[in-house]
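To keep things clear, I will list the structure first and then write my remarks on it.
Residue numbers (the working numbering): 120 to 462.
The following block contains the structure:
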(Lines of atoms letter the chains of each structure in order from A and count residues from 1; the text may use other names and numbers.)
(Lines give C-alpha, C1' and ligand atoms only; values in the text may rest on other atoms or scores of the structure.)
Protein backbone atom coordinates (compact mmCIF):
# COMPACT_ATOMS: atom_id res chain seq x y z
CA UNK A 1 0.00 0.00 0.00
CA UNK A 2 1.47 3.36 -0.97
CA UNK A 3 1.89 6.14 1.59
CA UNK A 4 2.71 9.83 1.24
CA UNK A 5 6.35 10.86 1.38
CA UNK A 6 7.66 11.61 4.87
CA UNK A 7 8.01 15.39 5.41
CA UNK A 8 11.49 16.71 6.14
CA UNK A 9 10.51 18.92 9.09
CA UNK A 10 7.94 17.65 11.58
CA UNK A 11 6.88 18.25 15.17
CA UNK A 12 4.76 15.54 16.84
CA UNK A 13 2.65 16.74 19.76
CA UNK A 14 1.26 13.93 21.92
CA UNK A 15 -1.63 15.11 24.08
CA UNK A 16 -2.07 12.75 27.02
CA UNK A 17 1.68 12.24 26.98
CA UNK A 18 1.85 10.45 30.35
CA UNK A 19 -1.10 8.15 29.70
CA UNK A 20 -1.16 4.42 29.03
CA UNK A 21 -1.49 4.82 25.26
CA UNK A 22 1.42 7.25 24.98
CA UNK A 23 3.79 5.38 27.29
CA UNK A 24 2.99 1.83 26.18
CA UNK A 25 2.21 2.28 22.48
CA UNK A 26 3.20 5.61 20.95
CA UNK A 27 6.61 6.24 22.49
CA UNK A 28 7.82 2.66 21.90
CA UNK A 29 6.63 2.92 18.29
CA UNK A 30 8.37 6.26 17.81
CA UNK A 31 11.53 4.87 19.42
CA UNK A 32 11.50 1.99 16.93
CA UNK A 33 11.12 4.44 14.04
CA UNK A 34 14.07 6.41 15.39
CA UNK A 35 16.13 3.25 15.83
CA UNK A 36 15.38 2.21 12.23
CA UNK A 37 16.29 5.70 10.98
CA UNK A 38 12.76 6.26 9.69
CA UNK A 39 12.21 9.63 11.37
CA UNK A 40 13.53 12.75 9.64
CA UNK A 41 16.63 13.97 11.44
CA UNK A 42 15.02 17.13 12.79
CA UNK A 43 11.75 15.55 13.98
CA UNK A 44 10.83 16.73 17.47
CA UNK A 45 8.37 15.02 19.84
CA UNK A 46 6.51 16.97 22.51
CA UNK A 47 4.65 15.11 25.26
CA UNK A 48 1.86 17.18 26.79
CA UNK A 49 -0.02 16.29 29.97
CA UNK A 50 -1.22 17.68 33.29
CA UNK A 51 1.35 15.78 35.36
CA UNK A 52 3.69 18.17 37.17
CA UNK A 53 6.94 16.71 35.82
CA UNK A 54 10.10 18.38 34.65
CA UNK A 55 11.80 17.17 31.49
CA UNK A 56 14.27 14.92 33.32
CA UNK A 57 11.51 13.17 35.26
CA UNK A 58 9.49 12.63 32.09
CA UNK A 59 12.48 11.20 30.23
CA UNK A 60 13.08 8.75 33.09
CA UNK A 61 9.40 7.74 32.98
CA UNK A 62 9.51 7.34 29.21
CA UNK A 63 12.68 5.25 29.32
CA UNK A 64 11.24 2.85 31.92
CA UNK A 65 8.15 2.26 29.82
CA UNK A 66 9.93 1.93 26.48
CA UNK A 67 12.37 -0.57 28.05
CA UNK A 68 9.41 -2.57 29.37
CA UNK A 69 7.71 -2.74 25.97
CA UNK A 70 10.42 -3.24 23.34
CA UNK A 71 12.50 -6.38 23.08
CA UNK A 72 15.76 -6.31 25.04
CA UNK A 73 17.68 -6.63 21.78
CA UNK A 74 15.96 -3.49 20.46
CA UNK A 75 16.96 -1.21 23.31
CA UNK A 76 20.40 0.38 23.13
CA UNK A 77 21.70 3.16 25.34
CA UNK A 78 23.12 5.17 22.44
CA UNK A 79 19.89 4.83 20.44
CA UNK A 80 17.88 5.94 23.46
CA UNK A 81 20.16 8.92 23.99
CA UNK A 82 19.50 10.07 20.43
CA UNK A 83 15.76 9.49 20.78
CA UNK A 84 15.59 11.28 24.14
CA UNK A 85 17.22 14.32 22.52
CA UNK A 86 14.08 14.60 20.38
CA UNK A 87 11.74 14.46 23.38
CA UNK A 88 10.41 17.45 25.28
CA UNK A 89 7.77 17.56 28.00
CA UNK A 90 5.37 20.40 28.74
CA UNK A 91 2.93 20.30 31.66
CA UNK A 92 -0.39 21.77 30.51
CA UNK A 93 -4.13 21.32 30.87
CA UNK A 94 -5.70 20.48 27.51
CA UNK A 95 -9.03 21.93 28.66
CA UNK A 96 -7.56 25.39 29.38
CA UNK A 97 -7.27 27.86 26.49
CA UNK A 98 -4.50 29.84 28.20
CA UNK A 99 -2.22 26.82 28.21
CA UNK A 100 -2.38 26.64 24.42
CA UNK A 101 -0.96 30.14 24.16
CA UNK A 102 1.92 28.95 26.31
CA UNK A 103 2.27 25.91 24.05
CA UNK A 104 2.40 28.14 20.96
CA UNK A 105 5.18 30.19 22.52
CA UNK A 106 7.01 26.98 23.41
CA UNK A 107 6.79 25.98 19.73
CA UNK A 108 7.87 29.36 18.38
CA UNK A 109 10.50 27.70 16.20
CA UNK A 110 7.88 25.47 14.53
CA UNK A 111 7.03 27.93 11.77
CA UNK A 112 7.08 26.15 8.41
CA UNK A 113 7.16 22.70 10.01
CA UNK A 114 4.42 20.09 9.80
CA UNK A 115 2.59 19.83 13.14
CA UNK A 116 1.09 16.45 14.00
CA UNK A 117 -1.35 16.72 16.91
CA UNK A 118 -1.84 13.20 18.31
CA UNK A 119 -4.81 13.14 20.70
CA UNK A 120 -4.15 10.23 23.09
CA UNK A 121 -6.81 11.59 25.44
CA UNK A 122 -10.41 11.09 26.43
CA UNK A 123 -12.72 11.80 23.45
CA UNK A 124 -14.41 14.46 25.59
CA UNK A 125 -11.27 16.56 25.02
CA UNK A 126 -11.12 16.16 21.23
CA UNK A 127 -13.34 19.13 20.38
CA UNK A 128 -11.88 21.54 23.00
CA UNK A 129 -8.33 20.68 21.93
CA UNK A 130 -9.12 21.31 18.26
CA UNK A 131 -10.78 24.63 19.05
CA UNK A 132 -7.93 25.75 21.30
CA UNK A 133 -5.35 24.75 18.69
CA UNK A 134 -7.15 26.98 16.22
CA UNK A 135 -7.28 29.92 18.63
CA UNK A 136 -3.57 29.53 19.37
CA UNK A 137 -2.66 29.48 15.67
CA UNK A 138 -1.56 25.84 15.73
CA UNK A 139 -4.11 24.47 13.24
CA UNK A 140 -2.88 25.98 9.99
CA UNK A 141 -2.50 24.22 6.62
CA UNK A 142 0.64 22.43 7.81
CA UNK A 143 -1.13 20.92 10.84
CA UNK A 144 -2.59 17.41 11.07
CA UNK A 145 -4.74 15.90 13.81
CA UNK A 146 -4.75 12.23 14.82
CA UNK A 147 -7.68 10.76 16.78
CA UNK A 148 -7.56 7.52 18.74
CA UNK A 149 -10.60 5.39 19.48
CA UNK A 150 -13.12 5.46 20.95
CA UNK A 151 -14.52 8.36 18.95
CA UNK A 152 -17.19 9.31 21.47
CA UNK A 153 -19.57 7.02 23.34
CA UNK A 154 -22.48 6.92 20.88
CA UNK A 155 -23.37 7.68 17.27
CA UNK A 156 -24.57 11.17 18.20
CA UNK A 157 -21.43 11.99 20.20
CA UNK A 158 -19.21 10.66 17.39
CA UNK A 159 -21.00 12.89 14.90
CA UNK A 160 -20.64 15.87 17.23
CA UNK A 161 -16.89 15.23 17.58
CA UNK A 162 -16.46 14.92 13.81
CA UNK A 163 -18.36 18.16 13.27
CA UNK A 164 -16.24 19.99 15.84
CA UNK A 165 -13.00 18.68 14.35
CA UNK A 166 -14.24 19.48 10.84
CA UNK A 167 -14.75 23.13 11.72
CA UNK A 168 -11.01 23.41 12.36
CA UNK A 169 -9.32 20.78 10.17
CA UNK A 170 -10.10 19.78 6.58
CA UNK A 171 -10.96 16.09 6.28
CA UNK A 172 -7.70 15.48 4.40
CA UNK A 173 -5.83 16.55 7.55
CA UNK A 174 -7.79 14.33 9.97
CA UNK A 175 -6.47 10.84 10.70
CA UNK A 176 -8.59 8.38 12.70
CA UNK A 177 -6.28 5.67 13.95
CA UNK A 178 -6.92 1.99 14.65
CA UNK A 179 -3.63 0.54 15.87
CA UNK A 180 -4.88 -3.02 15.21
CA UNK A 181 -4.24 -2.39 11.52
CA UNK A 182 -0.53 -2.28 12.29
CA UNK A 183 -0.44 -5.87 13.53
CA UNK A 184 1.42 -8.22 11.19
CA UNK A 185 -1.40 -10.78 11.08
CA UNK A 186 -3.90 -8.09 10.12
CA UNK A 187 -1.63 -6.66 7.43
CA UNK A 188 -1.22 -10.15 5.97
CA UNK A 189 -4.98 -10.58 5.49
CA UNK A 190 -5.14 -8.71 2.19
CA UNK A 191 -2.13 -10.60 0.84
CA UNK A 192 -3.73 -13.87 1.90
CA UNK A 193 -6.93 -12.94 0.08
CA UNK A 194 -5.92 -11.12 -3.06
CA UNK A 195 -2.48 -12.54 -3.87
CA UNK A 196 -3.48 -16.17 -3.40
CA UNK A 197 -5.04 -17.83 -6.43
CA UNK A 198 -6.10 -20.78 -4.26
CA UNK A 199 -8.34 -18.80 -1.90
CA UNK A 200 -9.87 -16.05 -4.03
CA UNK A 201 -12.24 -18.26 -6.11
CA UNK A 202 -13.74 -19.90 -2.99
CA UNK A 203 -13.86 -16.80 -0.74
CA UNK A 204 -17.66 -16.48 -0.99
CA UNK A 205 -20.99 -17.76 0.28
CA UNK A 206 -21.13 -20.78 -2.02
CA UNK A 207 -18.08 -22.30 -0.30
CA UNK A 208 -18.08 -20.82 3.24
CA UNK A 209 -20.57 -21.84 5.92
CA UNK A 210 -19.67 -19.10 8.42
CA UNK A 211 -16.83 -16.80 9.47
CA UNK A 212 -15.49 -16.51 13.03
CA UNK A 213 -13.37 -13.55 14.16
CA UNK A 214 -12.12 -13.90 17.73
CA UNK A 215 -9.89 -11.55 19.70
CA UNK A 216 -9.46 -13.08 23.14
CA UNK A 217 -7.09 -11.80 25.82
CA UNK A 218 -5.74 -13.41 28.98
CA UNK A 219 -5.18 -9.97 30.51
CA UNK A 220 -7.76 -8.12 32.56
CA UNK A 221 -8.26 -4.36 32.44
CA UNK A 222 -4.90 -3.87 34.21
CA UNK A 223 -4.49 -0.15 35.03
CA UNK A 224 -7.21 1.00 32.61
CA UNK A 225 -10.19 0.42 34.89
CA UNK A 226 -11.31 4.05 34.93
CA UNK A 227 -11.43 4.20 31.13
CA UNK A 228 -12.70 0.66 30.58
CA UNK A 229 -15.61 0.92 33.00
CA UNK A 230 -17.05 3.73 30.86
CA UNK A 231 -16.27 2.05 27.54
CA UNK A 232 -16.74 -1.71 27.85
CA UNK A 233 -15.80 -4.35 25.30
CA UNK A 234 -18.29 -3.14 22.70
CA UNK A 235 -16.79 0.34 22.43
CA UNK A 236 -13.23 -0.72 23.22
CA UNK A 237 -12.96 -3.62 20.76
CA UNK A 238 -16.01 -4.38 18.62
CA UNK A 239 -16.92 -1.09 16.96
CA UNK A 240 -13.34 -0.51 15.86
CA UNK A 241 -10.89 -3.45 15.88
CA UNK A 242 -13.32 -6.28 15.12
CA UNK A 243 -15.21 -4.31 12.47
CA UNK A 244 -11.89 -3.50 10.78
CA UNK A 245 -11.09 -7.21 10.72
CA UNK A 246 -14.54 -8.00 9.35
CA UNK A 247 -14.02 -5.43 6.59
CA UNK A 248 -10.66 -6.92 5.60
CA UNK A 249 -12.17 -10.41 5.44
CA UNK A 250 -15.30 -9.38 3.53
CA UNK A 251 -14.18 -6.52 1.24
CA UNK A 252 -13.74 -6.70 -2.51
CA UNK A 253 -10.33 -6.15 -4.09
CA UNK A 254 -9.58 -2.41 -4.23
CA UNK A 255 -8.78 -0.82 -7.59
CA UNK A 256 -5.45 0.28 -6.07
CA UNK A 257 -3.70 -0.69 -2.87
CA UNK A 258 -3.62 2.81 -1.45
CA UNK A 259 -5.36 4.18 1.64
CA UNK A 260 -8.32 5.80 -0.14
CA UNK A 261 -9.13 2.83 -2.36
CA UNK A 262 -8.95 0.37 0.56
CA UNK A 263 -11.12 2.72 2.66
CA UNK A 264 -13.75 2.82 -0.11
CA UNK A 265 -14.03 -0.97 -0.19
CA UNK A 266 -14.26 -1.16 3.60
CA UNK A 267 -17.04 1.42 3.53
CA UNK A 268 -19.04 -0.75 1.14
CA UNK A 269 -18.86 -3.63 3.63
CA UNK A 270 -20.04 -1.43 6.50
CA UNK A 271 -22.91 -0.14 4.37
CA UNK A 272 -23.92 -3.74 3.64
CA UNK A 273 -24.06 -4.77 7.31
CA UNK A 274 -27.56 -5.67 8.45
CA UNK A 275 -28.50 -3.51 11.48
CA UNK A 276 -28.92 -5.36 14.77
CA UNK A 277 -31.98 -3.89 16.42
CA UNK A 278 -35.12 -4.83 18.32
CA UNK A 279 -35.36 -8.52 19.16
CA UNK A 280 -32.15 -9.18 17.22
CA UNK A 281 -30.21 -7.61 20.10
CA UNK A 282 -31.39 -10.44 22.36
CA UNK A 283 -31.07 -13.17 19.75
CA UNK A 284 -27.77 -12.21 18.14
CA UNK A 285 -25.65 -10.67 20.90
CA UNK A 286 -24.18 -11.90 24.19
CA UNK A 287 -22.55 -9.76 26.88
CA UNK A 288 -20.61 -11.00 29.89
CA UNK A 289 -18.18 -9.96 32.61
CA UNK A 290 -15.24 -11.94 33.94
CA UNK A 291 -15.39 -13.40 37.44
CA UNK A 292 -12.58 -14.36 39.80
CA UNK A 293 -10.56 -17.39 38.77
CA UNK A 294 -7.17 -18.64 37.65
CA UNK A 295 -5.24 -17.56 34.54
CA UNK A 296 -1.88 -19.13 33.81
CA UNK A 297 -1.85 -20.72 37.26
CA UNK A 298 -2.39 -17.40 39.06
CA UNK A 299 -5.41 -16.22 40.99
CA UNK A 300 -7.06 -13.19 39.37
CA UNK A 301 -9.85 -10.99 40.77
CA UNK A 302 -13.32 -10.47 39.39
CA UNK A 303 -13.75 -7.44 37.14
CA UNK A 304 -15.67 -5.44 39.73
CA UNK A 305 -12.74 -5.77 42.16
CA UNK A 306 -10.28 -4.24 39.68
CA UNK A 307 -8.76 -0.83 40.45
CA UNK A 308 -10.95 2.16 39.50
CA UNK A 309 -13.95 -0.07 38.68
CA UNK A 310 -17.31 0.39 40.42
CA UNK A 311 -18.13 -2.54 42.71
CA UNK A 312 -21.62 -2.82 41.19
CA UNK A 313 -20.45 -2.33 37.59
CA UNK A 314 -22.35 -4.10 34.84
CA UNK A 315 -19.85 -3.11 32.14
CA UNK A 316 -19.26 -5.96 29.71
CA UNK A 317 -15.78 -7.45 29.33
CA UNK A 318 -17.01 -10.06 26.84
CA UNK A 319 -19.09 -9.61 23.70
CA UNK A 320 -20.19 -12.11 21.08
CA UNK A 321 -22.46 -11.21 18.20
CA UNK A 322 -23.69 -12.45 14.85
CA UNK A 323 -23.33 -10.03 11.95
CA UNK A 324 -24.58 -10.35 8.39
CA UNK A 325 -23.14 -8.74 5.26
CA UNK A 326 -25.98 -8.35 2.78
CA UNK A 327 -24.24 -8.41 -0.59
CA UNK A 328 -23.77 -10.87 -3.43
CA UNK A 329 -20.60 -12.42 -2.01
CA UNK A 330 -21.72 -13.00 1.58
CA UNK A 331 -25.52 -13.27 1.56
CA UNK A 332 -26.58 -15.93 4.07
CA UNK A 333 -23.13 -16.31 5.70
CA UNK A 334 -23.12 -15.39 9.40
CA UNK A 335 -20.07 -13.56 10.75
CA UNK A 336 -19.48 -14.40 14.42
CA UNK A 337 -17.48 -11.71 16.22
CA UNK A 338 -16.16 -12.46 19.69
CA UNK A 339 -13.86 -10.69 22.12
CA UNK A 340 -13.20 -10.93 25.83
CA UNK A 341 -10.71 -10.38 28.60
CA UNK A 342 -9.47 -13.08 31.02
CA UNK A 343 -10.17 -15.73 28.39
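Each residue gets a CB set at the ideal place from its N, CA and C atoms; glycine is no exception.
Just so it is clear, the structure is predicted and the values come from calculations on it, not from any experiment.
{"Item": "Three-state secondary structure (DSSP) of residue 425", "Value": "coil"}
{"Item": "Boundaries of the alpha helix (DSSP H) in which residue 220 is found, first to last residue", "Value": "216-225"}
{"Item": "Between the CA atoms of residue 217 and residue 306 - distance to the nearest angstrom", "Value": "42 Å"}
{"Item": "Residue 453 - partner residues in DSSP beta bridges", "Value": "443"}
{"Item": "Residue 394 versus residue 456: straight-line alpha-carbon distance, rounded", "Value": "15 Å"}
{"Item": "Residue 321: CB within 7 Å of a non-hydrogen atom of the ligand HEM", "Value": "This structure simply doesn't include the ligand HEM, nor any ligand for that matter."}
{"Item": "Of the listed residues 322, 383, 364, 161, nearest to residue 373 (C-alpha basis)", "Value": "383"}
{"Item": "Segment contact flag, the segment 160-177 with the segment 128-136, C-beta cutoff 8 Å, min 3 pairs", "Value": "yes"}
{"Item": "Limits of the alpha helix (DSSP H) - the one that residue 275 falls within", "Value": "274-285"}
{"Item": "Beta bridge counterpart(s) of residue 134 as assigned by DSSP", "Value": "167, 238"}
{"Item": "Residue range of the beta strand (DSSP E) that includes residue 294", "Value": "293-296"}
{"Item": "Status (buried if at least 16 other CB within 10 Å, exposed otherwise) for residue 359", "Value": "buried"}
{"Item": "Same chain, Cβ closer than 6 Å to residue 364, five either side skipped, listed in chain order", "Value": "332"}
{"Item": "Three-way DSSP call (helix, strand, coil) for residue 245 in this model", "Value": "helix"}
{"Item": "Whether residue 406 touches residue 438 by CB criterion (8 Å)", "Value": "yes"}
{"Item": "Per-residue burial, residue 147 [other beta carbons within 10 Å of its own, 16 or more giving buried]", "Value": "buried"}
{"Item": "Whether residue 175 touches residue 239 by CB criterion (8 Å)", "Value": "no"}
{"Item": "Strand pairing of residue 265, partner residues [DSSP]", "Value": "237, 294"}
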